[in-house]
Structures are given as structure tokens and as C-alpha cells.
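Colleague: So the sequence shown is numbered by this note's numbering: it starts at 4 and just counts up by one.
The beta carbon of each residue, even a glycine, is placed where N, CA and C say it ideally should be.
Let me give you the structure first, and then I'll get to my questions.
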Amino acid sequence: MREALKDAKVSRETAVRVRPERREKEWPRPDGCRVITIANQKGGVGKTTTSVNLAASLAMHGAQVLVVDLDPQGNASTALGVEHHADVPSIYEVLIEDLPVGDIVVPAPEIPNLHCAPANLNLAGAEIELVSKVARESRLRRSLDSYDTDKFDYVLIDCPPSLGLLTVNALVGGDELLIPIQCEYYALEGLGQLIRTVDLVKAHLNPGLNVSTILLTMYDARTRLAAQVAEDVRNHFGDVVLNTVIPRSVRVSEAPSYGQSVITYDPGSSGALAYSEAASEMAHRGAPE
4 MREALKDAKV
14 SRETAVRVRP
24 ERREKEWPRP
34 DGCRVITIAN
44 QKGGVGKTTT
54 SVNLAASLAM
64 HGAQVLVVDL
74 DPQGNASTAL
84 GVEHHADVPS
94 IYEVLIEDLP
104 VGDIVVPAPE
114 IPNLHCAPAN
124 LNLAGAEIEL
134 VSKVARESRL
144 RRSLDSYDTD
154 KFDYVLIDCP
164 PSLGLLTVNA
174 LVGGDELLIP
184 IQCEYYALEG
194 LGQLIRTVDL
204 VKAHLNPGLN
214 VSTILLTMYD
224 ARTRLAAQVA
234 EDVRNHFGDV
244 VLNTVIPRSV
254 RVSEAPSYGQ
264 SVITYDPGSS
274 GALAYSEAAS
284 EMAHRGAPE
């Protein structure tokens, strides 16, 4: 476990200690739009679940939020109740056919202030089609730059479980990186590879990218292994790790099948409360001084 982390280095430039918890209805909003990529090439660590539920929590506390679904499975679109069948304009047309982002953004039906740029299965072929495109790594960035993102407080980019061109586009398109880490034995394997990819992107494509947040997911308090993984991650990464951990929760798994986030599906569940706490930490960390 420690071996997997030994070469991983994370910039702590924006690491800020969490302020005392505040429960006002509207959380503080950032000075400008925070574009946050949520990535981890390991599957099943909670990237989409994290994207959707952080977005829902932030939107329900006054923030304007856009979720960019960059996963061909379109699970984030499903969880937000947004149509994403093959005939719906999606992020595929934005990346491959230069369709403006504004032409595909739609509101999430269940939550005010929350919007989605959907993905569909067409995106599965984008990895190959992007290879021949000019500036293939920065096509998402260019699209977002030409879109009025200032009307949003947060843009959350949900990535596929790989380090291919879609994820590289997300890393180039974001200003911050949030890494969900599953509290299990194999969770840290490959994390060093992700950090090295981030370093390459910073060196050649997006020098402003910063690993600002790490979120521990699928925490099982009954096992010593989960506590050990959490301790190792906190010891290595320090203040970029949120204090809040996301527990294993049946409700979190059930919610997408109803086209909802767990925040709206069962707001009193342990998963919903944990994601709300995590979103509050993010909001207060990024608040103006």
C-alpha cells in the first residue's frame, strides 16, 4: 500500500484547513467558477456518485452547478434524470464536431440550479476519433473557454475509469482535481500513475492544474483495513484530504436507478448526509477570505 504511494507527489498550494462547520442554508460561493475534474483510473471508486451528489448538495445550498459527463456510460446523466440516448446532442458532438457546449447543456429536472452536459454511447468512439484531431488534448478546454462558465459557481467534470484521451481532456479542462479513493486494499494501486499523469499534464498542457481535494469513499467502519487506508492517505496527502469520509450505503447505490442523486432520493440517509458534509467542506475551503 505504501509502496504504491511512495513516488506520488501532490502540490499543496491550495490546501486549506477546514473552517468550523456552518449549517446556514446557503453556503459561501467562490469568487469565480471552480472547474473541478473528478478522476481516478480505477473503476468502482465512486467518481460518478461523487460528481452527482456533490453537485446536488452544492446546488441545493445556493450554488449554480454544471456537471459535464465525460463517461461513455452516461451514468452521471442517468443519476441526474437527464435524457442521453443516441439522438440527444451530447459532449461527443462538442469534442468531435465542435458543437458549442451551450447547445447541449440542460437543467436537471429534480434540482434547481443544477445543469448537465450529457454523455451517451457515441462517446465510446471518441477516444479513437480524437487521435486525428488538432489539439486533441485540449478540445474540452477550448469548448469551456468559449462558453460562459461565469454563470456557474462550479463545473464538475466526471471522467471514465481510464487514463485515455477523454480523461486527459478533463485534466486539461479543469483547474482543480478531486480524487475519490476507495477505502480498500487495492485502492492505492495505480494512484502513483495518476499523479504522474497529472504531473505530465501540468508540465506540458495545463500548468494551473492542482490536486485540491481527495475524498475517501466506501468507508466501512467495521474493518480495520478501512481505517488503515484512511490513515495512510491522510499521512501522505495531508490537508488536501477532506475530513468527511463517505460510508458504504445501500441508498447511495439505489438512487441512480430512480434517476436521482441520494441527496434527493433519501436525504436522511448516511450517504446523503456524508456527501452534504463533504460538499460543505469544499464550499468553505474555496470561499473568499
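I'd like to confirm the pairing. Which residues does DSSP put opposite Q185 in its beta bridges?
Modeller: T220.
Colleague: Which of helix, strand or coil does DSSP assign to E179?
Modeller: If DSSP states are grouped into helix, strand and coil, E179 belongs with the strands.
Colleague: For R37, which beta-bridge partners are listed by DSSP?
Modeller: Its beta-bridge partners are Y157.
Colleague: By the DSSP assignment, the alpha helix (DSSP H) with T200 in it spans what residues?
Modeller: Run containing T200: L194 to H207, per the alpha helix (DSSP H) assignment.
Colleague: How big is the Cα-Cα spacing for Y278 and E96?
Modeller: Answer to the nearest angstrom: the Cα atoms are 31 Å apart.
Colleague: Locate the beta strand (DSSP E) running through L69, then write down its first and last residues.
Modeller: From DSSP, the beta strand (DSSP E) with L69 extends over V68 to D72.
Colleague: Suppose you measure from the CA of N246 to the CA of I184; what does that come to, to the nearest Å?
Modeller: In a straight line, the C-alpha of N246 is about 13 Å away from that of I184.
Colleague: In chain order, what residues of the same chain lie with their CB nearer than 6 Å to the CB of V248, ignoring the 5 residues before and after it?
Modeller: Cβ neighbours of V248 beyond the five flanking positions: L219 and Y222.
Colleague: Going by beta-carbon coordinates alone, are D72 and D178 separated by less than 8 Å?
Modeller: Not a contact, by the Cβ cut-off of 8 Å.
Colleague: Label G45 either buried or exposed according to how many other C-beta atoms from any shown protein chain fall within 10 Å of its C-beta, with 16 as the threshold for buried.
Modeller: This sequence places Lys at residue 45; Gly is not what is there. The residue in question, K45, is buried, as its Cβ has 16 or more Cβ neighbours within 10 Å.
Colleague: Between L191 and V244, what straight-line distance do the alpha-carbon atoms span, to the nearest angstrom?
Modeller: Computed Cα separation, rounded: 14 Å.
Colleague: Any idea which residues DSSP pairs C119 with across the strands?
Modeller: In the DSSP output, where bridge partners are listed per residue, C119 has V70 and V109.
Colleague: Could you tell me whether the Cβ atoms of D156 and R37 are closer together than 8 Å?
Modeller: Against a cut-off of 8 Å, the Cβ pair of R37 and D156 comes out as a contact.
Colleague: Thinking N209 and V175 are a contact (beta carbons under 8 Å), I'd like their distance in whole angstroms, please.
Modeller: Indeed they touch by this definition, with Cβ atoms about 5 Å apart.
Colleague: Comparing alpha-carbon positions, which option in A224, C186, K205 and K154 lies nearest A62?
Modeller: Of the candidates A224, C186, K205 and K154, the one whose C-alpha sits nearest the C-alpha of A62 is K154.
Colleague: By Cβ distance below 6 Å, which residues in the same chain neighbour N125 in space, the five residues on each side in sequence not counted?
Modeller: Cβ within range, chain order: Y95.
Colleague: So N246 is in the beta strand (DSSP E); what residue range does that whole segment cover?
Modeller: Start and end: V244 to P250.
Colleague: Using the three-state DSSP reduction, which class does V137 fall into: helix, strand or coil?
Modeller: Three-state result, V137: coil.
Colleague: Bridge partners for V214 per DSSP, in chain order?
Modeller: In the DSSP output, where bridge partners are listed per residue, V214 has L180.
Colleague: Would you kindly check if the distance between the Cβ of I107 and the Cβ of A120 is under 8 Å?
Modeller: Against a cut-off of 8 Å, the Cβ pair of I107 and A120 comes out as a contact.
Colleague: With a threshold of 16 other CB atoms inside 10 Å of the CB of N238, please say whether the residue is buried or exposed.
Modeller: N238 is exposed by the Cβ-count criterion.
Colleague: Going by DSSP in three states, Q231 sits in which element: helix, strand or coil?
Modeller: DSSP places Q231 in helix when its eight states are reduced to three.
Colleague: With a 10 Å radius around its C-beta and 16 neighbouring C-beta atoms as the bar for buried, classify I226 as buried or exposed.
Modeller: With the sequence shown as reference, residue 226 is identified as Thr, and Ile is not the correct amino acid for it. That one is exposed.
Colleague: Express the C-alpha separation of P250 and S273 in angstroms, rounding to a whole number.
Modeller: Cα-Cα distance, rounded: 7 Å.
Colleague: Count Cβ pairs between the segment 46-62 and the segment 129-149 that sit closer than 8 Å; are there 3 or more?
Modeller: With the cut-off at 8 Å, the segment 46-62 and the segment 129-149 do not touch.
Colleague: Give the DSSP-derived three-state secondary structure of T226 in the structure shown.
Modeller: It is coil, neither helix nor strand.
Colleague: Determine the DSSP secondary structure at E86, reduced to helix, strand or coil.
Modeller: Three-state DSSP puts E86 in coil, outside helix and strand.
Colleague: Does the Cβ-Cβ distance between A42 and T152 come in under 8 Å?
Modeller: Contact flag unset, no.
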